[in-house]
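Asks: Just so we're on the same page, the working numbering is the position in the sequence shown counted from 1, plus 143.
C-beta atoms are modelled at their ideal positions from N, C-alpha and C, and glycine is treated no differently.
Quick caveat, the model's predicted, so the values are computed rather than measured.
Take this structure first; my questions come after.
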Amino acid sequence: MSLRGSGLDTSSGPQFIQQRIALFAQMTAITAFTFFLVGRVLVAALRGQPVRFTQQGQIAHIAGVAIALAAWLACRRGQRSLASLEAIDAVAVVGTCTAWGFFVVQPNLEWIYTALVANTLTVLARAITVPSKAGRTLRLSVLAFVSQLVLVWLWVLRPEERPMPLAMGIDQTIWCAAVVTIATITSRILYDLRRSVREANELGQYQLEAKLGAGGMGEVWRARHRFLVRAAAVKLIRPELLSSRHVDPELTLKRFEREARATAALRSPHTVQLYDFGQAEDGTLFYVMEMLGGIDLETLVSRYGPVPAERAIHIVRQVCDSLSEAHRNGLIHRDVKPANIFVSCIGTETDFVKVLDFGLVRLRGEQARADSPKLTAEGAVAATPAYAAPEVVEGEAAYDHRVDIYAVGCVGYWLLTGKLVFEGETAMKMMLEHARTPPPPPQARTELPIPPALERIIMDCLAKDPALRPPTAAALAARLREVEVPEEWTAERAERWWRTHLPSEVAERPVADVLLSQESAPPEARALRPRRAARG
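Below, the structure written as structure tokens:
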């Protein structure tokens with residue numbers, strides 16, 4: 144009877160199976176030890192009887208606890224291979240039940256039913272806790288009851304004494320068969336439910352793992368490709384969102400499609416990369432982009448405070464690289480803000496910037512066309528109030544890419560001071576201040592030193608008149624390169640910061656380890672299957 148390669152459900156990865164086996168073994172060890180203390184030691188003490196650990200039943204009880212404890216400890220740390228997990232799983236359930244089967248070493252009715260209850264709880268707990276195919280659960284459950292049934296029938300069939308009636312053997316066999324059947328059916332149901340959930344969370348070759356957030360434009364999920372060593376973020380719009388009376392489905396679909404196409408067209412390394420775009424069989428629209436490990440600028444400053452001038456320059460220059468390509472291609476981002484700018488670890492580089500969310504992107508010259516799609520609700524402001532350029536607030540139709548330059552100035556201001564340019568009590572007051580009130584210099588709102596040249600650049604970006612701002616993102620980046628700072632922001636300083644504050648983002652799992660874990664998955668988890676989504 145083969146136990147290896149016979150059905151552990153590794154669809155969530157071997158690490159998940161290891162955690163589940165550890166949980167099962169832990170529950171078994173703790174429960175059995177509790178029964179031992181209460182049912183044997185405590186009861187004997189209350190009766191004034193000595194506890195004899197040399198009794199065969201007590202030895203069997205302790206042996207079962209030891210086996211479960213060993214399985215638990217084997218899975219607590221490190222990363223076991225699939226073959227090791229299969230063996231530990233088998234030992235954990237078959238080994239403990241075999242030990243408890245020796246409760247029947249004496250033809251005592253109390254010990255016989257103690258063995259039955261102990262083995263029943265163990266077998267059912269394993270079926271519920273460890274996800275596997277029904278066939279594996281059936282085989283392990285049958286083996287788990289072997290020692291108990293063999294000893295029972297040995298007592299029944301002793302011709303010289305027959306200390307147990309034949310009915311006892313039949314009764315025990317029927318109960319064990321019923322438990323095996325229930326465990327097998329339970330395992331099958333849970334396995335099918337996991338598969339249904341997994342298939343419901345599949346978009347093409349991507350498996351959705353956890354929701355990262357939700358907003359007016361749908362949901363964002365962390366996902367993994369079924370075959371490639373590549374994490375991804377999936378942005379999707381489910382059909383039920385489009386049917387909501389609070390959403391304009393045509394506007395939402397056009398925005399979503401434009402965002403996907405605009406992002407896919409850009410090649411700057413500082414623009415988030417798009418991998419796939421399509422529609423699932425149930426009507427869900429989705430696009431797949433690279434998964435970023437790191438922190439957005441809003442969280443960075445809120446959690447760790449303003450950054451040194453040299454780091455702010457390093458970050459903003461990379462933002463300019465992304466926007467420069469977008470502007471050359473006639474795309475205006477319109478939602479540049481700290482929450483849409485990520486600093487992350489890419490390859491061996493740290494503090495690598497990625498610009499996200501082109502959901503409000505506008506095409507150059509779009510406002511001049513009468514037949515152009517209206518992707519902003521009538522009367523709405525297509526920007527975040529804290530970063531809205533004056534011409535956007537005042538409702539001008541012919542604004543251009545310099546609204547992004549203004550927003551970059553607001554981002555730089557936030558990085559250097561930890562404060563918004565204007566902090567009005569309401570969104571409307573904040574926007575009015577952007578339109579009419581001269582901004583206070585950054586140095587007036589922070590104790591950190593800011594080079595005068597950098598402060599002038601920030602103030603120029605925040606000019607009310609677009610003509611007074613840097614004309615292009617490339618020109619802005621060039622001016623930033625000329626700013627003299629006391630100390631450069633080097634790769635060594637960046638890596639030191641990340642290892643101090645976000646070490647988990649720097650210490651990624653080696654690709655070789657990921658490949659080995661994928662290749663150890665069962666064949667059915669690796670087999671190619673037809674895609675469930677149409678490419679856009």
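Give the straight-line distance between the Cα atoms of I475 and A469, rounded to the nearest whole angstrom.
Replies: What you label residue 475 is simply residue 332 of the sequence shown in a count that begins at 1. What you label residue 469 is simply residue 326 of the sequence shown in a count that begins at 1. So the two alpha carbons sit approximately 7 angstroms from each other.
Asks: I'd like to know if the region 476 to 488 and the region 432 to 449 are in contact, where contact means that at least 3 CB-CB pairs between them fall below 8 angstroms.
Replies: yes
Asks: Here's a check: name, in chain order, each residue in its chain whose Cβ is nearer than 7 angstroms to the Cβ of A637, leaving out the five neighbours to either side.
Replies: Within the sequence shown, numbered from 1, the residue matching residue 637 stands at position 494. Excluding residues within five positions, the ones whose Cβ falls inside 7 angstroms are T493 and D494.
Asks: Can you list the beta strand (DSSP E) stretches of 3 or more residues lying completely in the region 408 to 461, in chain order?
Replies: Listed in chain order, they are 417 to 423, 428 to 433 and 437 to 439.
Asks: Do the region 450 to 466 and the region 417 to 435 make contact, defined as three or more Cβ pairs closer than 8 angstroms?
Replies: no
Asks: With respect to the alpha helix (DSSP H) encompassing F176, which residues constitute its N-terminal and C-terminal limits?
Replies: For the purposes of this step, residue 176 is identified with residue 33 of the sequence shown, where counting begins at 1. Counting along the chain, the alpha helix (DSSP H) containing F176 begins and ends at P157 to F178.
Asks: Could you give the C-beta distance for T280 and A287, rounded to a whole number, given that I count them as a contact under 8 angstroms?
Replies: As a working note, residue 280 is residue 137 in the sequence shown. As a working note, residue 287 is residue 144 in the sequence shown. Contact doesn't hold; Cβ gap of about 10 angstroms is too wide.
Asks: Express the C-alpha separation of D478 and Y418 in angstroms, rounding to a whole number.
Replies: What you label residue 418 is simply residue 275 of the sequence shown in a count that begins at 1. What you label residue 478 is simply residue 335 of the sequence shown in a count that begins at 1. Pairing Y418 with D478, the inter-Cα distance amounts to about 22 angstroms.
Asks: Is the distance from the Cβ of V496 to the Cβ of S465 below 9 angstroms?
Replies: On the sequence shown, residue 496 is found 353 positions in, with the first residue counted as 1. On the sequence shown, residue 465 is found 322 positions in, with the first residue counted as 1. Yes, Cβ-Cβ distance for V496 and S465 is below 9 angstroms.
Asks: Would you kindly check if the distance between the Cβ of V628 and the Cβ of P595 is under 9 angstroms?
Replies: The residue you call residue 595 lines up with position 452 of the sequence shown. The residue you call residue 628 lines up with position 485 of the sequence shown. Contact: no.
Asks: Out of A376, L151 and K562, which one is the CA nearest neighbour of A587?
Replies: The count along the sequence shown starts at 1 and reaches residue 587 at position 444. The shortest C-alpha separation from A587 is found at K562.
Asks: Strictly under 9 angstroms for the Cβ-Cβ distance: is A529 near chain B by that measure?
Replies: No chain B is present in this structure, which holds just one protein chain.
Asks: Kindly indicate which three-state DSSP category Q201 falls into: helix, strand or coil?
Replies: If you number the sequence shown from 1, residue 201 lands on position 58. Reduced to three states, the DSSP call for Q201 is helix.
Asks: Classify K497 as helix, strand or coil using the three-state DSSP reduction.
Replies: Translated into positions along the sequence shown, residue 497 becomes position 354. In the structure shown, K497 sits in a strand (DSSP, three-state: E or B).
Asks: Return the residue from the list V266, W243 and R545 that minimises the CA-CA distance to A610.
Replies: By one-based count along the sequence shown, residue 610 stands at place 467. Of V266, W243 and R545, the residue nearest in Cα terms is R545.
Asks: Let me know the secondary structure DSSP gives Q350 once reduced to three states.
Replies: Sequence index remark: in the sequence shown, residue 350 carries index 207 (1-based). Strand, per DSSP.
Asks: If you draw a straight line from the C-alpha of R163 to the C-alpha of A235, how long is it?
Replies: Looking up residue 163 in the sequence shown gives position 20. Looking up residue 235 in the sequence shown gives position 92. Answer to the nearest angstrom: the Cα atoms are 12 angstroms apart.
Asks: Taking just the CA atoms, how far does S339 sit from Q350?
Replies: In the sequence shown, the residue the question calls residue 350 occupies position 207. In the sequence shown, the residue the question calls residue 339 occupies position 196. When only Cα atoms are considered, Q350 and S339 end up about 12 angstroms apart.
Asks: Which residues does DSSP pair with W364 in a beta bridge?
Replies: Translated into positions along the sequence shown, residue 364 becomes position 221. W364 pairs with K354 and V377.
Asks: With M170 and A268 assumed to form a contact (beta carbons below 8 angstroms), what rounded beta-carbon distance in angstroms separates them?
Replies: For the purposes of this step, residue 170 is taken as the residue at position 27 of the sequence shown. For the purposes of this step, residue 268 is taken as the residue at position 125 of the sequence shown. Confirmed, Cβ separation roughly 6 angstroms.
Asks: Within 10 angstroms of its Cβ, does D152 collect 16 or more other Cβ (buried), or is it exposed?
Replies: For the purposes of this step, residue 152 is identified with residue 9 of the sequence shown, where counting begins at 1. D152 is buried by the Cβ-count criterion.
Asks: Three or more C-beta pairs closer than 8 angstroms, one from the region 251 to 264 and one from the region 217 to 233: is that the case here?
Replies: no
Asks: Provide the residue(s) that pair with S487 in DSSP beta bridges, ordered along the chain.
Replies: Against the sequence shown, residue 487 aligns to sequence position 344. For S487, which the question treats as bridged, DSSP gives the partners G437 and F495.
Asks: For a test of the three-state rule: what should DSSP assign to I707, helix, strand or coil?
Replies: Residue 707 lies beyond the residue range present for the chain, which begins at 144 and ends at 679; the question has no answer from this structure.
Asks: Using the three-state DSSP reduction, which class does S227 fall into: helix, strand or coil?
Replies: Counting from 1 along the sequence shown, the entry for residue 227 is found at position 84. For S227, the three-state secondary structure derived from DSSP is helix.
Asks: With F636 as the anchor, note down where its alpha helix (DSSP H) starts and where it stops.
Replies: Mapped onto the sequence shown, residue 636 falls at position 493. With the sequence shown as reference, residue 636 is identified as Arg, and Phe is not the correct amino acid for it. Looking at the DSSP string, the run of the alpha helix (DSSP H) that includes R636 is A634 to H644.
Asks: Taking T265 as the reference, give the member of I601, V536, V208 and H457 with the closest Cα.
Replies: On the sequence shown, position 122 is the one that residue 265 refers to. Closest option to T265, Cα to Cα, is V208.
Asks: Consult DSSP for R338 and reduce its assignment to one of helix, strand or coil.
Replies: Taking the first residue of the sequence shown as position 1, residue 338 is located at position 195. Looking at R338 - three-state DSSP - the assignment turns out to be helix.
Asks: So, is P581 buried or exposed, given that buried needs 16 or more other C-beta atoms within 10 angstroms?
Replies: Here residue 581 is taken as the residue at index 438 of the sequence shown, counted from 1. Exposed, by the Cβ-count rule.
Asks: Below 6 angstroms CB to CB, which residues in the same chain sit around C553 once its five sequence neighbours on both sides are set aside?
Replies: As a working note, residue 553 is residue 410 in the sequence shown. Excluding residues within five positions, the ones whose Cβ falls inside 6 angstroms are Y530 and V564.
Asks: Determine the extent of the alpha helix (DSSP H) in which S290 is found, giving its start and end residues.
Replies: For the purposes of this step, residue 290 is taken as the residue at position 147 of the sequence shown. Taken as a continuous stretch (DSSP letters only), the alpha helix (DSSP H) holding S290 covers V289 to V299.
Asks: By a C-beta neighbour count over all protein chains shown, 10 Å radius and 16 as the cutoff for buried, is E534 buried or exposed?
Replies: On the sequence shown, residue 534 is found 391 positions in, with the first residue counted as 1. That one is buried.
Asks: Is it buried or exposed for A676, if we count other Cβ within 10 angstroms and need 16 for buried?
Replies: Counting from 1 along the sequence shown, the entry for residue 676 is found at position 533. Below a pLDDT of 50, predicted positions are generally treated as unreliable, and A676, at 39, falls in that range; the measurement from the model is reported next regardless. Label assigned to A676: buried.
Asks: Alpha carbon to alpha carbon, how far is E576 from L166?
Replies: As a position in the sequence shown, residue 576 is number 433, starting the count at 1. As a position in the sequence shown, residue 166 is number 23, starting the count at 1. Each residue's Cα considered, the two are about 57 angstroms apart.
Asks: Counting C-beta neighbours from all protein chains within 10 Å, is the total for P516 16 or more, i.e. buried, or is it exposed?
Replies: Residue numbering aside, residue 516 sits at position 373 when the sequence shown is read from its first letter. With a pLDDT of only 46 at P516, under 50, the local geometry of the prediction cannot be trusted, and the value read off the model is given with reservation. In this structure P516 is exposed. Its beta-carbon is surrounded by fewer than 16 other beta-carbon atoms within 10 angstroms.
Asks: Measure the alpha-carbon distance for S467 versus A616 and round it to whole angstroms.
Replies: By one-based count along the sequence shown, residue 467 stands at place 324. By one-based count along the sequence shown, residue 616 stands at place 473. If I take the Cα positions, the gap works out to 5 angstroms.
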